[in-house]
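Protein chains in written order, with the working numbering: chain A, 26 to 158; chain B, 26 to 158. Ideal Cβ placement from N, Cα and C applies to all residues, glycine included. Please read the structure below before turning to the comments.
There are 2 protein chains.
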Amino acid sequence: MTSTEGVGALFDRWQQRRLEPSQCPVRDVLDRLGDKWTSLIVVALAARDHRFAALHRAIPDISKRMLTQTLRDLERDGLVSRHVFPTTPPSVEYRLTPLGHSMLDPLGALVAWAESRHSEIRTARAVFDQRAA
Amino acid sequence: MTSTEGVGALFDRWQQRRLEPSQCPVRDVLDRLGDKWTSLIVVALAARDHRFAALHRAIPDISKRMLTQTLRDLERDGLVSRHVFPTTPPSVEYRLTPLGHSMLDPLGALVAWAESRHSEIRTARAVFDQRAA
DNA sequence: CTGTATCCCCGATGATACTG
DNA sequence: CAGTATCATCGGGGATACAG
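This is the structure we're talking about:
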């Protein structure tokens with residue numbers, strides 16, 4: 026069974042079970058990955074553990090507010106762990122948990138798809154916009 | 026090289042190239058997948074071609090407005106094709122394009138991850154919320 | 001049946017200032 | 001350094017009515 030058949034079959038199972046959106050694993054996961062910063066933070070932490078300021082330098086266009094909030098959400102979901110060192114000034118290190126690491130394979134598959142197909146998508150957009158104009 | 030190393034290495038390449046967000050394939054793709062309805066529509070169309078009303082029945086909690094808009098976005102990106110049959114009343118069928126089908130494998134990987142890890146995530150949340158309270 | 005056009009609201013995000 | 005608190009903004013998305 027290919028993944029294509031798998032996704033289609035999944036749809037039919039969903040239809041039969043009439044899942045509540047709040048109980049749908051896919052919405053749960055994609056709602057988080059889909060927000061503006063989660064995937065970037067996960068990718069950064071995949072490369073290496075980061076302290077708060079280092080993460081901020083790695084992703085310059087995020088605000089401290091959203092960096093904190095996104096990290097808390099990831100921590101809450103068990104994807105990231107937070108390690109406080111009571112130095113002065115304080116330092117806090119963020120790491121992917123094993124659960125977080127386990128997401129890298131499927132995320133990597135999507136990233137690879139995105140990179141390999143991006144030019145095709147951009148071309149399709151240009152054509153569509155041309156015809157619309 | 027595992028996908029994990031791949032994602033980490035990707036991060037370093039991104040850092041060196043200092044990509045504009047608008048040119049980042051991953052943001053492009055995840056912004057679309059991350060919206061409220063795209064993934065559900067793609068999964069539905071993976072199972073089979075759908076007419077507008079059938080798609081609406083398959084995903085009852087979407088409004089006609091957002092269904093139309095999301096389908097247009099998918100069409101613009103070349104992931105979905107639109108086929109009009111000039112019957113009365115009119116009927117329109119939506120299908121995944123080959124490009125759209127090519128996304129099902131990586132999307133399926135993510136869906137499989139989400140389903141297999143969802144209980145772990147829910148448990149982590151419960152623990153986190155308990156400690157916070 | 002397959003959409004468009006409007007209006008409206010709320011939540012996600014940013015900016016800025018402050019704190020241990 | 002690593003956040004928190006507060007206010008302002010903007011656009012995604014719902015509801016409704018209309019149209020070809």
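Neighbour list for residue i in chain A, Cβ cutoff strictly below 7 Å
i         : result
ASP74(B)  : Residues of chain A passing the Cβ test: none, with the nearest at roughly 11 Å.
LEU58(B)  : LEU55, GLY59
GLN94(B)  : Result: empty, since nearest Cβ-Cβ is about 14 Å, beyond 7 Å.
ALA71(B)  : THR29, VAL32, GLY33, PHE36
PHE110(B) : The contacting residues do not exist; PHE110(B) stays about 20 Å from chain A at best.
8 Å Cβ cut-off: residues of chain B touching residue i
i         : result
SER127(A) : TRP138, ARG142
SER88(A)  : The premise fails here: SER88(A) is roughly 14 Å from chain B at the closest Cβ pair, so nothing lies under 8 Å.
GLU145(A) : GLY103, LEU124
Reduced DSSP category for residue i - H, G, I as helix; E, B as strand; rest coil
i         : result
SER116(B) : strand
TYR76(A)  : With the sequence shown as reference, residue 76(A) is identified as Arg, and Tyr is not the correct amino acid for it. ARG76(A): strand per DSSP, three-state reduction.
LEU104(A) : coil
LEU121(A) : strand
GLY31(B)  : helix
Expected contact under 8 Å - CB spacing of residue i and residue j to nearest Å
i         : j         : result
LEU104(A) : GLY125(A) : 4 Å
SER106(B) : ARG90(B)  : In fact, because the Cβ distance is near 21 Å, the residues do not count as touching under 8 Å.
Residues that residue i contacts on chain B, provided the C-beta gap is smaller than 7 Å
i        : result
VAL68(A) : VAL32, LEU35, PHE36
GLN40(A) : ALA83
Contact set between residue i and chain A, taken where Cβ atoms lie within less than 8 Å
i         : result
GLU134(B) : Position check: residue 134(B) holds Ala in this sequence, whereas Glu was assumed. SER28, ASP130, PRO131, ALA134, LEU135, listed in chain order.
CB contact flag (residue i, residue j, <8 Å)
i         : j         : result
LEU58(B)  : LEU70(A)  : no
PHE153(B) : GLU100(A) : yes
GLY133(B) : VAL51(A)  : no
VAL68(B)  : PHE36(A)  : yes
ALA139(A) : GLN40(B)  : no
ASP60(B)  : ILE146(A) : no
Proximal residues of chain B, C-beta to C-beta of residue i below 9 Å
i         : result
ALA149(A) : GLU100, ARG101, ASP102, GLY103, LEU104, THR122, LEU124
SER64(A)  : VAL51, ARG52, LEU55, GLY59
Interface partners of residue i on chain A, CB under 9 Å
i         : result
PHE77(B)  : Chain A residues near PHE77(B): none, gap ~17 Å exceeds 9 Å.
GLU118(B) : Those within 9 Å of GLU118(B) in chain A number zero; the least Cβ separation is about 16 Å.
### Query
Hey, which unbroken runs of the alpha helix (DSSP H) at 4 residues or more fall wholly within the stretch 45-99 of chain A?
50-59, 63-72, 77-83
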